[in-house]
Amino acid sequence: MTTTTSDSPAPASLQKPRDVQLLAIAPDTLALRSRSWNRLRFEIEYALERGTTANSYLIRGDKRALIDPPGGSFTERFLDTLQQQADFSQLDYVILGHVNINRLETLQALLEQAPQVTLVCSNPAAITLREAFDRPLNIQVMKGAPDEQLDLGQGHQLRFIPVPTPRWPDGLWTYDTYSQVLYTDKFFGAHICDERVYDLGWEALLEDRRYYFDCLMAPSVRQVATALEKLEDLPKVHLIAPGHGPLVLYGLHELVQLYQQRSQQQQTQTLSVTLIYASAYGNTATIAQAIARGITKAGVSVESINAEVAETEDIRAAIERGAGFLIGSPTLGGHAPTQIQTALGTILSTAPKTQLTGVFGSFGWSGEAIDLLENKLKDAGYSFGFEPIRVKFKPTDVTLKFCEEAGTDFAQALKKAKRPKTTRTPASAVEQAVGRLVGSLSIVTARQGEVASAMLASWVAQATFTPPGFTVAVAKERAIEALMYPGSAFVLNILAEGQHLGPMKHFLKPFAPGEDRFAGVETETAENGCPFLKEAIAYLECEVSSRMECGDHWVVYATVTRGEVLQPNAKTAIHHRKSGSHY
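For the sequence shown, the UniProt record's numbering assigns the number 1 to the initial residue and increments by one for each residue that follows.
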């Protein structure tokens, strides 16, 4: 697959000015929350499209420290607001939980007005900073030693905890021993923008927090588990101040427990995929993240490895633990980075030929690195779980959905290959009894922007009269699952008896990643923007109200906003089964 990028503005009804929200959160401590209300979706973790906040923090002791300035899209508004709270000439430190290209834009503008500032960061971040700036910088590297503290005066003693992950090898937490605030940057966040500063309403935020973890943390659970252990070495934590979303005050213990539970679930999966990549500008890392999301939602764990910082022995050990491996690379000057070439050599000398593989990468003008990886692995005799994914420039929404589906297919192929061959036995009494539950045959259709999907559903049941609502069960690995979160719109197309075999056969067939589910199917667009089938007996326009995790499925409760009967005299098609162990 090769894709290019396109930019499309948010609908006018969703446009809202970006702003910076100010609030005192602790003694001498101010939160500056740069808010984007638009329904952003430029990486997989933003796919719920609820906007986001980029949280920065200013501690004003005898010396002043700014923690985690936002990315370039907020630079001007943020610096204007910061200037009103602290004269740039009085700013002593800028503490960086991580460094990326986006954050460098704001940092560059800030240093032009405050050249006296000392940058406080981890050693990997310091290396990135020195490479990015063409002038000397005042940098203080923090390695996490117990006696390594920064005294801001008035009681504010800052401790630093390195928390590297493959995506952010320069990760650094900051703990203020006086206010008992832990600044965690990428950890414990959520991409949601509203008026809430704190996490009032644990249940209301649970879906967003869980999705954020599954996208960003699940491929790095070994490192996440290590970071969680470091929490135990700290004195009392009164407040967690993350880089995105609400500050964690009321549900602190619940959120830590969620991270522990999700990490444990990933580490106890029977199958694991080793995901190795390097990323010059972040695009290949974004692709890797989308693929990983597709793999983990199908019940297979991912061990993510950044080849730019990983040791050869770590790569070898991960390959030996995994049931399959993926490798991704940018193309720089017509070649793969040296670290990727080294990792490839380790793979070829370590991975059994029975391991399933896949190749992906991004490029600007050519994609020689992807060709190199593909040819070397094919020549060595490995089988591919999907066709090489080639993305030109920045991946789009459609590209990310394609990558997620490719990851899911890869995981399912692994599970199928590892499943022991057994002789089919007659259904048990319980399975036969469960199979007597019947449901109407329907097609669920959804669209968000340029991404559309559909699935055949038979586990559908009315749930409420007021408001009119129903439940539908969606398998976790379904492609459409990512389009059915609270607030999302979809259409339930109810099929007619005697006319259901055509649509049933069409939507039951396996679709390749990115394949158009509606090719050859007559549809029109409902008022909620989703397709409906012209051959349906009736259709319901719906909005997801809530969803509940139930074993290998999500049970989605939706309310009906509008409906039409297209064939008044037709009867609903009903699905009868002999066993409750399959559809």
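Glycine included, each C-beta is placed from N, C-alpha and C at the ideal position.
Backbone CA spacing between residue i and residue j [nearest angstrom]
i: Leu-258; j: Leu-234; result: 19 Å
i: Tyr-173; j: Arg-316; result: The question names Tyr, yet the displayed sequence has Trp at residue 173. About 29 Å.
i: Pro-11; j: Val-434; result: For Pro-11, the predicted structure reports a pLDDT of 38, less than 50, and the residue's modelled location is therefore unreliable. A value from the coordinates is still provided. Between Pro-11 and Val-434, the C-alpha separation is close to 46 Å.
i: Phe-133; j: Leu-96; result: 15 Å
i: Gly-563; j: Ile-537; result: 11 Å
i: Phe-410; j: Phe-386; result: 7 Å
i: Asn-569; j: Asn-493; result: 16 Å
i: Ala-428; j: Tyr-583; result: Note that residue 428 corresponds to Ser in the displayed sequence, not to Ala. Their backbone Cα atoms lie some 16 Å apart in a straight line.
i: Pro-9; j: Thr-399; result: Only weak support exists for where Pro-9 lies, its pLDDT of 35 falling under 50; the coordinates are left without a value.
i: Ile-161; j: Gln-154; result: 22 Å
i: Glu-535; j: Glu-522; result: 8 Å
i: His-576; j: Gly-345; result: 53 Å
i: Pro-146; j: His-553; result: 45 Å
i: Glu-481; j: Asp-87; result: 48 Å
i: Ser-6; j: Phe-363; result: Its pLDDT being 32, under 50, Ser-6 is placed unreliably in this model, and the value from its coordinates should be taken loosely. Roughly 15 Å separates the two Cα atoms.
i: Glu-131; j: Asn-100; result: 12 Å
i: Ile-340; j: Trp-365; result: 19 Å
i: Cys-215; j: Gln-289; result: 7 Å
i: Tyr-175; j: Val-181; result: 6 Å
i: Ser-383; j: Ile-370; result: 16 Å
i: Asp-194; j: Ala-278; result: 35 Å
i: Thr-4; j: Glu-49; result: Low confidence applies here, because Thr-4 scores a pLDDT of 40, under 50, leaving its location unreliable; read the following figure in that light. When rounded, the distance between both Cα atoms is 21 Å.
i: Glu-543; j: Gly-282; result: 34 Å
heavy atom of the ligand NAP below 8 Å from residue i C-beta
i: Thr-268; result: For the structure depicted, the ligand NAP is absent and the ligand set is empty, with no information on it obtainable.
Terminal residues of the beta strand (DSSP E) in which residue i lies
i: Glu-45; result: First-last for Glu-45: undefined, no H or E at that position.
i: Leu-104; result: Where Leu-104 is concerned, there is no enclosing beta strand (DSSP E), although the alpha helix (DSSP H) it sits in stretches over 101-113.
i: Ala-75; result: Per the sequence shown, the amino acid found at residue 75 is Thr instead of Ala. Thr-75 -> not in any beta strand (DSSP E); alpha helix (DSSP H) instead, spanning 75-85.
i: Ala-125; result: First-last for Ala-125: 123-132, but that is the alpha helix (DSSP H), not the beta strand (DSSP E).
i: Gln-140; result: 139-141
First and last residue of the uninterrupted alpha helix (DSSP H) at residue i
i: Gln-267; result: 252-267
i: Gln-432; result: 429-435
Sub-9 Å separation of residue i and residue j beta-carbons
i: Leu-326; j: Lys-418; result: no
i: Ala-218; j: Arg-262; result: yes
i: Arg-60; j: Tyr-93; result: no
i: Glu-303; j: Gly-322; result: yes
i: Glu-207; j: Pro-503; result: no
i: Glu-368; j: Thr-331; result: yes
i: Leu-119; j: Ala-109; result: no
i: Phe-511; j: Ala-475; result: no
i: Ser-412; j: Ala-298; result: The amino acid occupying residue 412 in the given sequence is Gln; Ser does not appear at that position. Yes; because the gap between Cβ atoms is below 9 Å, this pair is in contact.
i: Arg-209; j: Ala-190; result: yes
i: Ala-489; j: Gly-449; result: no
i: Ile-276; j: Ile-347; result: yes
Per-residue DSSP class, three states only, for residue i
i: Leu-414; result: helix
i: Thr-561; result: strand
i: Ala-454; result: strand
i: Ala-475; result: strand
i: Ser-442; result: strand
i: Ser-89; result: helix
i: Gly-72; result: helix
i: Trp-459; result: coil
i: Leu-32; result: strand
i: Asp-62; result: coil
i: Thr-466; result: coil
i: Val-20; result: strand
i: Ser-581; result: coil
i: Ala-573; result: coil
i: Trp-37; result: coil
i: Thr-53; result: strand
i: Val-117; result: coil
i: Arg-447; result: strand
i: Leu-247; result: strand
i: Pro-242; result: strand
Contact with chain C by residue i, beta-carbon distance below 9 Å
i: Val-451; result: Structure shown: chain C not included; a single protein chain is present.
Complete runs of the alpha helix (DSSP H) confined to the segment 216-240 [at least 4 residues]: 221-231
Hey, which unbroken runs of the beta strand (DSSP E) at 3 residues or more fall wholly within the segment 480-552? 489-494, 523-525, 531-533, 538-550
If we require 4 or more residues per run, which alpha helix (DSSP H) segments fall completely within the UniProt domain "Flavodoxin-like" (273-411)? 283-297, 312-321, 338-350, 368-379
What are the uninterrupted segments assigned as alpha helix (DSSP H) that are 4 or more residues long and contained completely in the segment 145-224, given in chain order? 202-212
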